[in-house]
Structure formats: C-alpha cells, structure tokens
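The numbering used here numbers the first residue of the sequence shown as 277 and each following residue consecutively.
One structure below.
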Amino acid sequence: MKIRYVLLSLVLIILVTSIATASMIIPANDNAKENSNAPENSPVIDENWDLERVDFIHYVKPPNVGKGGKTNTCYKLMGVKWNSLPVSYIINPSNTQGLSENFITSAVSTSTETWDASTSSELFNNIYAINYSATYGIQDFKNSIDFNDYPDNNVIAVTSVWYTRVGKQIVEFDQRYNTRFSWGDATVDPSKMDLQNIAVHELGHAVGLDDIYTTTCSSVTMYGYSTEGETSKRTLEQPDIAGLQAIYGI
Ligand SMILES: [Ca+2]
Ligand SMILES: [Ca+2]
Ligand SMILES: [Zn+2]
C-alpha cells in the first residue's frame, strides 16, 4: 500500500527509532488479510510527545470484497481511549463543492451526537468550533476536520488518531473528507457520498473503534467500506454500540 510506504519513509527520515515499535499497532485483522485489497493502518511515531499515530483509511468498496468469515462480535477495539471528556473539535467547512457551512456542521455534529446517544459518557462536546484555517494531519492537540484532496481516488476519508504510548490515552484526532468524491445528502441525491454516513463511521475511530472488514459484518457502521448513496452507517448497529460501551460504559 503506497500510503504505508510514504508514512514509513517519514518515520525513517524523522527518527531512527525502532521499526519494531512502529509495527506493533498494525491491527492483526485476520479478516482483512483475507482480502488482498484490504487496507492496512499506518503507524507513525511522534518522538516529542511519545505519541503513536494510526491512520484509518476508508475505501470505496472493491468489486470483490473478501470472502466473509466468522466473527463473534462485529466490532473491534483499537485498545485506546479518551480519558479526558468531552472531546472538542473544530470543523473547517471550506470546500469546492458548494456545500454550505450549515450542511457540513449539521451533518458532523449530528454524527458526534449519534455516538453520544449510545453511552452515558459525554463523549463529544455539544459545542464545536468553526475555523476556516483548521487543517487535517497536524499534530497540535486540536481535533480538526476538513475537506480537501487526498491523492487516491479510492479513499473516501481518513481519520488519524494520536495516543500516548504509555497509558494508551487518545489525545487527538484529525479527519479529512476526500474532495475527489462528490459529497452531499444521499437521501436527497443517491449519487452523492453521504457526509453524515461517513462521518459517523470516521468518528467511531476518533473514540477508539477499529474497522471491521468481514462481509458477514457488512451492516455495521464500523464496516470499512462504503459507496455513494449509502446511508446505513448513519445509525449504529448493536455491535457498534457494544464496542462503544465496552470502552466508555453503558
Ligand atoms: Ca455531546
Ligand atoms: Ca490536529
Ligand atoms: Zn474506517
């Protein structure tokens, strides 16, 4: 996977620390291994804060998706969590597709509250910030969400999560929605990539849930593939809720 090599190269350039550590957070996803097209997560180590970073790449569904497989849970935990709640976030609504600020902030905040509604923990701050210069991918302890080009036609969105090596506390997430896709409300226009649908999925990573690639689990929100017109991820399925509650309580 090209991305992985780029990020690994970065690691090599920035520091000469052990690659062994870097590889330890690649999820041992047996189901994903069944599919040669399955994405791999790319860890990058930040030396200054003793943080680790993992990128979740959300792909368009490939023509031949996996073989399916056995799973008991249909959810997977990253093994990291926020200790300091609620999580505040910043939305940069700037986009070249004519999407209104209100449409974007509404879709994203509805998505954060979808997770909140399934645990008694207040995960996401009800109040979000809007900042037209917020940018994805900068480790600054600001949780930034933006719309911009991601140089891969198959990548719908990416969420980066930073957490402490010791204690496994999430300290930051950033998200980018790839403007190579045409975003919108798929209940109005099924040719669009539904923003709320993808946002709920991506925000699952922001709170500590991993992707699921098993086709028998394809109805869950944390299933790792999507297509235009899909809106089923707007609502959580029982395994998504079980995963969330395993981390943050009922
Ligand atoms: Ca909330
Ligand atoms: Ca950031
Ligand atoms: Zn994902």
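Ideal placement from N, C-alpha and C gives every residue a C-beta, glycine not left out.
Because the structure is a prediction, the values reported are computed rather than measured.
The C-beta distance from Lys418 to Val356 rounds to 18 Å, too long to meet the 8 Å contact threshold. For Gln415, the Cβ falls inside the 8 Å cut-off from some heavy atom of ligand 2. Excluding five sequence positions before and after Val384, the CB atoms of its chain that fall closer than 7 Å to its own CB belong to Ile367, Ile421 and Ala475, given in chain order. Those residues placing their Cβ nearer than 7 Å to any heavy atom of ligand 3 are, following chain order, Phe332, His334, Thr435, His477, Glu478, His481, Asp487, Met498 and Gly500. Pro362 has its Cβ nearer than 8 Å to a heavy atom of ligand 1. Between the stretch 386-394 and the stretch 329-338 there are fewer than three C-beta pairs closer than 8 Å, too few to call the two in contact. For Arg510, the secondary structure class from DSSP, reduced to helix, strand or coil, is helix.
What you get when you keep residues with a C-beta closer than 5 Å to any heavy atom of ligand 1 is Asp392, Phe400 and Asn402. CA-CA distance, Tyr453 to Asp428, rounds to 12 Å. Closer than 8 Å to some heavy atom of ligand 2: that does not describe the Cβ of Lys509. Put simply, the backbone Cα of Ser382 is about 22 Å away from that of Ile517. Rounded to the nearest whole angstrom, the CA to CA distance from Thr490 to Gly500 is 9 Å. For Gly480, the closest alpha carbon among the candidates Pro369, Asn359 and Leu399 is that of Leu399. Thr497 sits buried, since 16 or more C-beta atoms from the chains shown fall within 10 Å of its C-beta. Put simply, the backbone Cα of Asn371 is about 18 Å away from that of Asp465.
Set against 8 Å, the gap from the CB of Tyr412 to the closest heavy atom of ligand 2 is smaller. When distances are taken from the beta-carbon of Ser370 to the heavy atoms of ligand 2, even the shortest one reaches 8 Å or more. Taken atom to atom, the span from the alpha-carbon of Met469 to that of Ile488 is near 20 Å. Taking the Cα of Gly525 as reference, the smallest distance to any Cα among Val434, Lys337, Ala393 and Asp326 is reached at Ala393. In the three-state reduction of the DSSP assignment, Gly374 falls in the coil class. Our two residues, Ala405 and Ser364, have alpha carbons roughly 8 Å apart in a direct line. Pairing Lys337 with Ser502 gives a Cβ-Cβ distance under 9 Å.
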